[in-house]
Amino acid sequence: MKKILILMSSCFLMSCTSHEQLGGEKNPIHFALVPGQDTAVLLENGKLLEKWIHQQTGLHVKMQVPVNFVAVVEALGSQRVDVAILNTFGYLLAHDKYGANARLIGVNLGRSEYWGQIITKDPKIKTLQDLNGKKIAFVDPASTSGYVLAAKLFKDENIKLGEVIFAGKHDSVVTMVYQGRVDAGATYHTPAEDGVPQDARRLVKDQYPDVFEKIRILKMTGPIPSEPVVFRKDFPKDLQEKIVVALKSFPTTPEGAKALKNLYHLTGFKDCTDKDYDETRKILLDLGKKVQDLVK
-4 MKKILILMSS CFLMSCTSHE QLGGEKNPIH FALVPGQDTA VLLENGKLLE KWIHQQTGLH
56 VKMQVPVNFV AVVEALGSQR VDVAILNTFG YLLAHDKYGA NARLIGVNLG RSEYWGQIIT
116 KDPKIKTLQD LNGKKIAFVD PASTSGYVLA AKLFKDENIK LGEVIFAGKH DSVVTMVYQG
176 RVDAGATYHT PAEDGVPQDA RRLVKDQYPD VFEKIRILKM TGPIPSEPVV FRKDFPKDLQ
236 EKIVVALKSF PTTPEGAKAL KNLYHLTGFK DCTDKDYDET RKILLDLGKK VQDLVK
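The working numbering applies: residue -4 is where the sequence shown begins, and numbers increase by one.
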C-alpha cells in the first residue's frame, strides 16, 4: 500500500510538472528566428530580445534558430515553436498548411516592404539575358527574395539558367558571388541609408571590405511585404497580446534598436493581418505554384 501511495504521488508530481503553465520557467515559450544570415548573429541578438520579453511580461522565452526556412514552418505546425519571425513566403506556407497567424509586420524607417535583387561580379554579365546557361546561387526554395521573386523574374524574362545552388543564407550567396564560385546570386534588397548600401552585401562587409565595389546589382525584383511575427495555431490570445506589446517596445531602447537592426534590418513592428499578404500570394499564382510547391 505504501509503495502504491508513493507511486501515485510521483505520478502526480510528474503530471504537475509536465503541465506547467506555458511561459513558465520549465515550460518556456519557444521563439524561432528565420535563418536568413549567420546563426551566431541571430542568437546573440535574439538573446537580447528574449531578455526584453521576460522583463516586460514575466514570460520565459527560449530563442532558437532552426536549420532552414522550412524547419521553422514545420516547427510551428508541430507546436515545437510557438512564435517566430518568419520570411514572407515561409509565413504563407505556415498559414496555409498549419493555420499560423501573422500579428505584426516588420518596419524599416517607415517602410513595411522590401525587394529582391540579382547580383553579379562578372563584368561580362550586363543584362539578365547574359544569365542564360549560367551558374546561380539562391538562398532557399522557401526564401522570398532569395528565390521566389527571382524565379518569377527569370520566368517572365524567359531566362534558362544552368546549374542552380541553394546556399542556405543570404550572406552565403553574397560570399559565393564574391569568390567567383557562381556567376550570379539572388538576395534581399533594402534601400541605401545616407548613401550607404543596406542590401545583403553588407552582411559580409567585415570579411570583404570592397564587396560594394566588387559586386553590383544587375536587376531588382519585388516589392513584397516585410517579415511578419507569426503565432502558431491555438496559441493563447492573452499571451499573444503580451508578446506583441513587448515586441513593439523592443526598439525603444538603444540596445533594442541595435539588436533589431542586426537581426533583420528593422526599426520596429506594426500591426498586420493575413490580408496584408494577399498580393504576395498572387505572385505564386503567376508562377503557377501553390505555396506548398516551394518545398517539394
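Glycine residues also receive a C-beta, built at the ideal position from the N, C-alpha and C atoms. Owing to the predicted nature of the structure, the values given are computational and were not obtained by experimental measurement.
| request: Grab me the residues of valine 62's own chain with a C-beta within less than 8 Å of its C-beta, minus the 5 sequence neighbours each way, in chain order. | output: Pro30
| Mind checking whether serine 138 and histidine 184 have CB atoms under 8 Å apart? | no
| In terms of residue numbering, what span does the beta strand (DSSP E) encompassing glutamate 108 cover? | 108 to 115
| field | One or two residues paired with histidine 184 in a DSSP bridge | value | Trp110
| request: In angstroms with no decimal places, state the Cα-to-Cα distance between isoleucine 212 and isoleucine 114. | output: 5 Å
| Is the region 195 to 204 touching the region 232 to 240 in the sense that three or more CB pairs, one from each, lie closer than 8 Å? | no
| message | Just to confirm before moving on: does the CB-CB distance between leucine 148 and lysine 214 stay below 8 Å? | response | yes
| query | Just reading off the alpha helix (DSSP H) that isoleucine 160 is part of, what are its end residues? | reply | Segment 159 to 161 is the beta strand (DSSP E) holding isoleucine 160; no alpha helix (DSSP H) there.
| query | Leaving out the 5 sequence neighbours to the left and right, which residues in its chain are closer than 6 Å to asparagine 116 when beta-carbon positions are compared? | reply | Per the sequence shown, the amino acid found at residue 116 is lysine instead of asparagine. Within the same chain, lysine 116 has close Cβ partners Val172, Lys209 and Ile210.
| So what's asparagine 63 in DSSP terms, helix, strand or just coil? | coil
| Euclidean distance between Cα positions of proline 204 and glutamate 15 | 50 Å
| query | Buried or exposed: where does methionine -4 fall if 16 or more other Cβ atoms within 10 Å of its Cβ makes it buried? | reply | Confidence in methionine -4 is poor, its pLDDT being 47 and thus under 50, which makes the residue's placement unreliable; the coordinate value appears in the next sentence. By the 10 Å Cβ count, methionine -4 comes out exposed.
| field | Per DSSP, cross-strand counterpart(s) of aspartate 211 | value | Checking the displayed sequence, the identity of residue 211 turns out to be arginine instead of aspartate. For arginine 211, which the question treats as bridged, DSSP gives the partners Thr115.
| said: Between which two residues does the alpha helix (DSSP H) holding proline 249 run? | reply: 249 to 259
| Anyone know if the C-beta pair for tryptophan 47 and alanine 241 falls short of 8 Å? | yes
| task | Provide the residue span of the alpha helix (DSSP H) that contains glycine 141, from first to last. | result | Glycine 141 -> no alpha helix (DSSP H), and no H or E assigned at all.
| field | Opposing strand residues paired with isoleucine 100 [DSSP bridges] | value | Pro223 and Lys265
| Nearest CA to the CA of histidine 260: which residue from Ile80, Ala66, His49 and Glu45? | Ile80
| request: Could you check the C-alpha separation between threonine 83 and threonine 275 for me, to the nearest Å? | output: 8 Å
| field | Alpha-carbon spacing of threonine 268 relative to asparagine 96, whole angstroms | value | 8 Å
| said: Output needed for tyrosine 93: all residues of its chain with C-beta closer than 8 Å, excluding positions within five of it in sequence on either side, in chain order. | reply: Val68, Leu71, Gly72, Arg227 and Lys228
| Given tyrosine 109, which residues of its chain have a CB within under 8 Å of its CB, disregarding the five upstream and five downstream residues? | Asn103, Ser140, Tyr183, His184, Thr185, Gly217, Pro218, Ile219 and Ser221
| task | Leaving out five residues on either side along the sequence, give the residues of the same chain with a beta carbon under 7 Å from the beta carbon of asparagine 257. | result | Val36 and Asn40
| query | So arginine 129 and alanine 179 are in contact, right, with Cβ under 8 Å, and what is the actual spacing, rounded? | reply | Sequence check: residue 129 is lysine here, not arginine. Lysine 129 to alanine 179, Cβ: 6 Å. Contact.
| query | Can the beta-carbon of phenylalanine 230 be found closer than 8 Å to that of alanine 181? | reply | no
| field | Cβ-Cβ separation, histidine 25 to glutamine 50 (assumed contact under 8 Å), whole Å | value | Not quite, the Cβ-Cβ distance comes to about 19 Å (not below 8 Å), so this is no contact.
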